[in-house]
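*Asks:* Let me give you the structure first, and then I'll get to my questions.
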């Protein structure tokens with residue numbers, strides 16, 4: 081008789097373990113659905129609404145320049161702004177005039193030809209050239225800093241004129 085009670089108790093235990101299974105499987109579903117339909121305490125947005133883009137999130141359109149600004153490219157061993165690049169730097173100045181709180185870093189870059197020391201100096205001359213141009217267009221110099229990366233941050237790792245021409249540039253990066 082004890083054996084029947086134990087067997088009956090075990091079978092009764094099995095019956096009890098079956099109902100929790102659906103409850104357990106329902107719990108993850110409820111947990112899975114909860115983040116998409118509930119609102120966190122103290123906020124007005126639900127979690128299924130896309131998160132707002134952070135203020136410091138910028139788009140890179142070309143090079144390492146923060147969009148909608150564009151990089152300015154240079155001739156070999158030169159730091160003067162090319163005529164075909166004037167519209168780019170004027171567009172960057174227009175962006176800065178429209179975004180009066182924006183500050184930028186002009187990053188001077190070079191191709192791999194020349195010594196590292198020479199390219200660091202050339203990159204700085206390129207960055208300073210762009211900064212002077214922006215200042216002449218009415219941008220407050222306190223909003224512009226410069227840095228040279230020389231040949232250290234190429235965009236194109238090739239060893240031909242196409243690669244070198246893409247690496248001879250100033251990038252205009254908005255501070256976050």
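Residue numbers (my numbering): 81 to 256. Glycine is no exception: its CB is placed at the ideal position from the N, C-alpha and C atoms.
(1) Among 159, 218, 232, 197, which residue has its Cα nearest to the Cα of residue 207?
(2) For my contact list, residue 192 and residue 231 are in at a C-beta cut-off of 8 Å; report their separation, rounded to the angstrom.
(3) Hey, would you say the C-beta of residue 160 is under 7 Å away from at least one heavy atom of the ligand ADP?
(4) For residue 171, tell me which candidate among 203, 143, 147 has the shortest Cα-Cα distance.
(5) Take residue 245 and list the residues in its own chain whose beta-carbon comes closer than 7 Å to its own, dropping the five residues that flank it on each side.
(6) Could you tell me which whole alpha helix (DSSP H) segments of length 4 or greater appear in the segment 188 to 217?
(7) Hey, residue 187 and residue 161: beta-carbon distance below 8 Å or not?
(8) Going by Cα to Cα distance, which pick from 256, 218, 156 is closest to residue 178?
(9) For residue 223 and residue 195, which I take to be in contact (beta-carbon distance under 8 Å), what is that distance rounded to the nearest angstrom?
(10) Can you list, in chain order, the residues of its chain with a C-beta nearer than 8 Å to that of residue 247? Leave out the 5 residues immediately preceding and following it.
(11) Please report the residue range of the alpha helix (DSSP H) in which residue 178 lies.
(12) Tell me where the beta strand (DSSP E) around residue 228 begins and ends.
*Replies:* Reading it off the structure:
(1) In the chain shown, residue 207 corresponds to position 127, counting from 1. By alpha-carbon distance to residue 207, the top candidate from 159, 218, 232, 197 is 159.
(2) Residue numbering aside, residue 192 sits at position 112 when the chain shown is read from its first letter. Residue numbering aside, residue 231 sits at position 151 when the chain shown is read from its first letter. Between residue 231 and residue 192 the Cβ distance is about 5 Å, and since that is below 8 Å, they are a contact.
(3) Here there are no bound small molecules, and the ligand ADP is not part of this structure.
(4) Taking the first residue of the chain shown as position 1, residue 171 is located at position 91. Comparing Cα positions, the closest option is 147.
(5) In the chain shown, residue 245 corresponds to position 165, counting from 1. Excluding residues up to 5 positions away in sequence, 153 lie with their Cβ nearer than 7 Å to the Cβ of residue 245 in the same chain.
(6) Taking 4 residues as the shortest admissible run, the segment 188 to 217 contains the following complete alpha helix (DSSP H) segments, listed from N- to C-terminal end: 196 to 216.
(7) To locate residue 187, count along the chain shown from 1; it is residue 107. To locate residue 161, count along the chain shown from 1; it is residue 81. With respect to the 8 Å criterion, residue 187 and residue 161 are not classified as neighbours on the basis of their beta carbons.
(8) Counting from 1 along the chain shown, the entry for residue 178 is found at position 98. The option with the nearest alpha carbon to residue 178 is 218.
(9) As a working note, residue 223 is residue 143 in the chain shown. As a working note, residue 195 is residue 115 in the chain shown. The Cβ separation is near 32 Å, so there is no contact.
(10) Translated into the one-based positions of the chain shown, residue 247 becomes position 167. Taken in chain order, the residues that qualify are 189, 190, 191, 192, 231, 234, 235, 236.
(11) Along the chain shown, one-based indexing puts residue 178 at 98. Following the DSSP letters along the chain, one finds residue 178 inside the alpha helix (DSSP H) bounded by residues 166 to 178.
(12) The residue given as residue 228 occupies position 148 in the chain shown. Taken as a continuous stretch (DSSP letters only), the beta strand (DSSP E) holding residue 228 covers 224 to 230.
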